[in-house]
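Residue numbers (the working numbering): 4 to 272. C-beta atoms are modelled at their ideal positions from N, C-alpha and C, and glycine is treated no differently. Quick caveat, the model's predicted, so the values are computed rather than measured. Comments concern the structure below.
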């Protein structure tokens with residue numbers, strides 16, 4: 004577990020649900036995952052809620068995250084669509100509510116969006132709020148405007164895009180960093196650096212990458228529809244990467260060229 008700046012505890016590895024099946028989410032819960040990450044954008048909040056109920060795992064044991072869609076930044080839309088998310092999920096609250104992208108090109112200032120999100124913590128319907136895909140300067144604006152640092156910044160991060168500037172800026176301010184796309188793409192599983200490390204340690208390349216996140220103090224949320232990979236992706240506590248291993252993985256970082264998703268300053272999706 005890792006502690007948020009709200010005092011709440013969050014698992015340090017979770018399961019990303021975008022593009023996955025209800026059965027995969029159930030399998031993840033049965034494999035021991037207790038952090039589920041969904042979003043209004045994914046269109047699967049109902050399926051995720053159903054998976055929790057079908058799994059037999061107590062809702063109180065599950066750390067549940069959803070995210071504000073990009074067209075819902077107006078403060079009134081924040082309140083209305085958050086209430087709709089709760090209804091769709093079938094729960095009275097979520098553990099974390101994130102702004103999915105900063106969308107700086109919108110007429111609505113993301114600072115006003117964040118202020119509306121903070122209001123949702125007052126009655127406990129959102130135990131914590133945070134952001135996703137925020138750059139350091141954007142995080143600084145939120146902190147200066149509200150005096151409240153986001154609990155989490157969920158950003159693209161993997162060995163080919165280490166995103167260290169954003170990671171260190173957040174961590175130095177008590178903001179937990181969460182990695183989406185923590186495994187890059189599966190075609191990278193043949194990378195000679197990763198495959199050699201995996202062979203020597205006796206694990207999979209995916210496990211090497213997830214252990215790399217863990218040792219950098221980053222929460223990873225891998226996703227897969229494979230029942231076998233659901234289990235192995237969480238099995239990262241029986242080994243440790245040495246300083247030399249971590250240095251070898253650091254050589255894979257391509258900087259901005261390694262970014263797979265949109266850039267926070269220009270993304271309009």
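Assuming the contact rule is C-beta atoms closer than 8 Å, residue i and residue j should be a hit. Round their C-beta distance to whole Å, please.
i	j	result
residue 182	residue 223	5 Å
residue 28	residue 51	6 Å
residue 75	residue 81	6 Å
residue 23	residue 42	Incorrect: roughly 12 Å between the Cβ atoms, too far for contact.
residue 138	residue 101	Not a contact, Cβ separation roughly 15 Å.
residue 130	residue 98	5 Å
residue 144	residue 114	6 Å
residue 212	residue 161	7 Å
residue 85	residue 123	6 Å
residue 221	residue 188	No, residue 221 and residue 188 are not in contact; Cβ-Cβ is about 18 Å, not under 8 Å.
residue 48	residue 25	Not quite, the Cβ-Cβ distance comes to about 12 Å (not below 8 Å), so this is no contact.
residue 8	residue 152	6 Å
If we count the other Cβ atoms within 10 Å of its Cβ and call it buried at 16 or more, is residue i buried or exposed?
i	result
residue 229	exposed
residue 226	buried
residue 17	buried
residue 94	buried
residue 141	buried
residue 127	exposed
residue 266	exposed
residue 4	exposed
residue 194	buried
residue 45	buried
residue 20	buried
residue 91	buried
residue 173	buried
residue 271	exposed
Any idea what DSSP makes of residue i, helix, strand or coil?
i	result
residue 223	strand
residue 256	coil
residue 50	helix
residue 69	strand
residue 104	coil
residue 212	helix
residue 249	helix
residue 243	coil
residue 196	helix
residue 81	helix
residue 92	helix
residue 233	helix
residue 99	strand
Please identify the residue among the options whose C-alpha is closest to the C-alpha of residue i.
i	options	result
residue 184	176, 94 and 163	163
residue 209	197, 35 and 42	197
residue 14	64, 137, 22 and 60	64
residue 79	44, 116 and 178	116
residue 125	96, 260 and 84	96
residue 11	140, 177, 120 and 56	177
residue 237	134, 193, 215 and 256	215
residue 252	118, 262 and 219	219
residue 217	272, 8, 242 and 45	242
residue 159	134, 152, 150 and 151	134
residue 201	174, 49, 235 and 118	235
residue 67	37, 77, 44 and 59	37
residue 35	61, 44 and 47	61
residue 89	71, 232 and 259	71
residue 255	231, 186, 147 and 272	186
residue 165	207, 261 and 247	261
residue 233	7, 8, 32 and 172	32
residue 83	58, 57, 120 and 104	120
residue 203	174, 58, 248 and 77	248
residue 273	57, 272, 205 and 118	Outside the shown range of the chain (4 to 272) lies residue 273, about which nothing can therefore be said.
residue 106	59, 77 and 175	77
Is residue i a contact residue of the ligand NAP, with contact defined as CB to any heavy atom under 7 Å?
i	result
residue 68	Of the ligands one can find in the structure shown there are none, so the ligand NAP has no counterpart to examine.
- Task: Can you check the segment 110 to 181 for any beta strand (DSSP E) of at least 3 residues that lies completely inside it and give the ranges in chain order?
- Result: Inside the segment 110 to 181, DSSP marks whole beta strand (DSSP E) runs of 3 or more residues at positions 132 to 135 and 155 to 159, from first to last along the chain.
- Task: Pick out the complete beta strand (DSSP E) segments inside the segment 10 to 62, 3 residues or longer, and give them in chain order.
- Result: Listed in chain order, the beta strand (DSSP E) runs fully inside the segment 10 to 62 are 38 to 40, counting runs of at least 3 residues.
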